Amino acid sequence: MTKIIDGKKLSAAVVESLAEETRDFAAEFDLVPGLAVVLVGEDPASQVYVRNKVRQATAAGMRSIEHRLPADAAQEQLNSLIETLNQDPEIHGILVQLPLPAHLSEPEIIQLIAAEKDVDGFHPLNVGALASGTGELIPCTPLGCMLMLQQVHGDLSGLHAVVIGRSNIVGKPMAQLLLQANCTITVVHSRTRDIEAVCREADIVIAAVGRPEMVKSSWIKPGATVIDVGINAVEREGKRKLVGDVDFQSVSSVAGSISPVPGGVGPMTIACLLKNTLKAARLQQPH
Ligand code: GUN
Numbered sequence: 282m283t284k285i286i287d288g289k290k291l292s293a294a295v296v297e298s299l300a301e302e303t304r305d306f307a308a309e310f311d312l313v314p315g316l317a318v319v320l321v322g323e324d325p326a327s328q329v330y331v332r333n334k335v336r337q338a339t340a341a342g343m344r345s346i347e348h349r350l351p352a353d354a355a356q357e358q359l360n361s362l363i364e365t366l367n368q369d370p371e372i373h374g375i376l377v378q379l380p381l382p383a384h385l386s387e388p389e390i391i392q393l394i395a396a397e398k399d400v401d402g403f404h405p406l407n408v409g410a411l412a413s414g415t416g417e418l419i420p421c422t423p424l425g426c427m428l429m430l431q432q433v434h435g436d437l438s439g440l441h442a443v444v445i446g447r448s449n450i451v452g453k454p455m456a457q458l459l460l461q462a463n464c465t466i467t468v469v470h471s472r473t474r475d476i477e478a479v480c481r482e483a484d485i486v487i488a489a490v491g492r493p494e495m496v497k498s499s500w501i502k503p504g505a506t507v508i509d510v511g512i513n514a515v516e517r518e519g520k521r522k523l524v525g526d527v528d529f530q531s532v533s534s535v536a537g538s539i540s541p542v543p544g545g546v547g548p549m550t551i552a553c554l555l556k557n558t559l560k561a562a563r564l565q566q567p568h
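Heads up, the sequence shown is in the numbering used here, so the first residue is 282 and it goes up one at a time.
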């Protein structure tokens, strides 16, 4: 029987235990962890993500503030907001929702966020720390995937994991985390020859490419674990629908365990953002 990895249920358990840790932290330091979420423009998917992030942070007992800038905001305007948030002692975590409108520089913004408030783990200092095994603030989506994999497998030592996609947000940090968990890793991408054959060797497949239902059942070794990071809006029979990068219907008849979309990785990403916010608040206290 294929196991469906329930990200909603697992994330609810993570958020519940975080709410308790947040209460203890607030009592110890007389301080509520604060998260600032910055959204530039009106992208509907980003608006939904940001709303969910703010709502969940509040549910976990944190203070959460949303900052919105218009789609035509100048780089200086965004930079100046980040500098203000960097200085604000009540803000412990800063997240700028990506992608930014094309005229704004993502690398410039990512480097401007104070590394100790970078709850996305995208700042070069945090990227380097992750690569060298000393990472504290780790990108939320890969971290959420690791919690799901640990729930299925416990110890991941020696398993062959194939990561489809090489983005800075998911593919690259995912490979680092799997390596630290003693997996053998292969990262495949648009230039890889015969992706299907490489994936068929895998005990674990992580799909993070942003192509609706690209991964088919013929790509999957029977019994393998499949984690679907994609969230793609498609039209099916005249209706708008969210699907992952994995063809859930066919793959779920071959995989041993599979995460659904929606209700899989999405809620885990948010739970890990809150984990990072509490961690950032803790790291910023004198000790
Ligand atoms: N856009 C898609 N995923 C993410 C994420 O994890 N963090 C940010 N900041 N933007 C995103």
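We put the CB at the ideal spot given by N, CA and C, even for glycine. Here the structure is a predicted model, which is why all the values come from computation and not from measurement.
Legend entry - Residue from Gly446, Thr465 and Met429 with nearest C-alpha to glycine 545: Within the sequence shown, residue 545 is the residue found at index 264, counting from 1. Minimum Cα distance to glycine 545 is reached at Met429.
Inset, instruction - For my contact list, serine 292 and isoleucine 551 are in at a C-beta cut-off of 8 angstroms; report their separation, rounded to the angstrom. - result: Residue 292 sits at position 11 when you count from the first residue of the sequence shown. Residue 551 sits at position 270 when you count from the first residue of the sequence shown. Confirmed, Cβ separation roughly 7 angstroms.
Inset, instruction - Return the first residue and the last residue of the beta strand (DSSP E) that asparagine 513 is part of. - result: Your numbering for residue 513 matches position 232 in the sequence shown. Element bounds for asparagine 513: 513–517.
Inset, instruction - Would you check if the distance between the CB atom of histidine 507 and the CB atom of proline 493 is smaller than 8 angstroms? - result: Looking up residue 507 in the sequence shown gives position 226. Looking up residue 493 in the sequence shown gives position 212. The amino acid occupying residue 507 in the given sequence is valine; histidine does not appear at that position. Going by C-beta atoms, valine 507 is not nearer than 8 angstroms to proline 493.
Legend entry - Among Ser531, Arg521, Gln566 and Leu555, the one whose alpha carbon lies nearest that of alanine 326: For the purposes of this step, residue 326 is taken as residue 45 along the sequence shown, with counting starting at 1. Ranking the options by Cα distance to alanine 326, first place goes to Arg521.
Legend entry - Beta-carbon proximity list for serine 339, same chain, < 6 angstroms, skipping 5 on both sides: For the purposes of this step, residue 339 is taken as residue 58 along the sequence shown, with counting starting at 1. Rather than serine, the amino acid found at residue 339 in this sequence is threonine. If we look at threonine 339 and ignore the five residues flanking it on each side, its Cβ neighbours are Ser345.
Legend entry - Sequence-distant residues of its chain with Cβ nearer than 8 angstroms to alanine 352 (five each side left out): Here residue 352 refers to the residue found at position 71 of the sequence shown. Excluding positions up to five away in sequence, the list reads Val321, Gly322, Glu323 and Pro382.
Inset, instruction - Can you grab the Cα-Cα spacing for the pair lysine 556 / isoleucine 487, in whole Å? - result: On the sequence shown, residue 556 is found 275 positions in, with the first residue counted as 1. On the sequence shown, residue 487 is found 206 positions in, with the first residue counted as 1. Computed Cα separation, rounded: 22 angstroms.
Legend entry - serine 540 classed as buried or exposed, judged by whether at least 16 other C-beta atoms fall within 10 angstroms: For this step, residue 540 is matched to residue 259 along the sequence shown. Result: buried.
Legend entry - Assigned exposure category for serine 538 - 16 Cβ within 10 Å defines buried: Taking the sequence shown and counting its residues from 1, one reaches residue 538 at position 257. Classification of serine 538: buried, given that the 10 Å Cβ count is 16 or more.
Inset, instruction - List the whole-angstrom C-beta distance separating valine 318 from valine 335, where the pair is believed to meet the contact cut-off of C-beta under 8 angstroms. - result: Within the sequence shown, numbered from 1, the residue matching residue 318 stands at position 37. Within the sequence shown, numbered from 1, the residue matching residue 335 stands at position 54. That belief holds up - the Cβ atoms of valine 318 and valine 335 are roughly 6 angstroms apart, short of 8 angstroms.
Inset, instruction - Check whether the Cβ of valine 535 sits closer than 7 angstroms to any heavy atom of the ligand GUN, and report yes or no. - result: As a first step, residue 535 is located in the sequence shown; it is residue number 254 there, counting from the start. No, the beta carbon of valine 535 sits no closer than 7 angstroms to any heavy atom of the ligand GUN.
Inset, instruction - Return the chain-ordered list of same chain residues with a C-beta closer than 8 angstroms to the C-beta of glutamine 328, the five sequence neighbours on each side being excluded. - result: For the purposes of this step, residue 328 is taken as residue 47 along the sequence shown, with counting starting at 1. The answer, listed in chain order, is Leu320.
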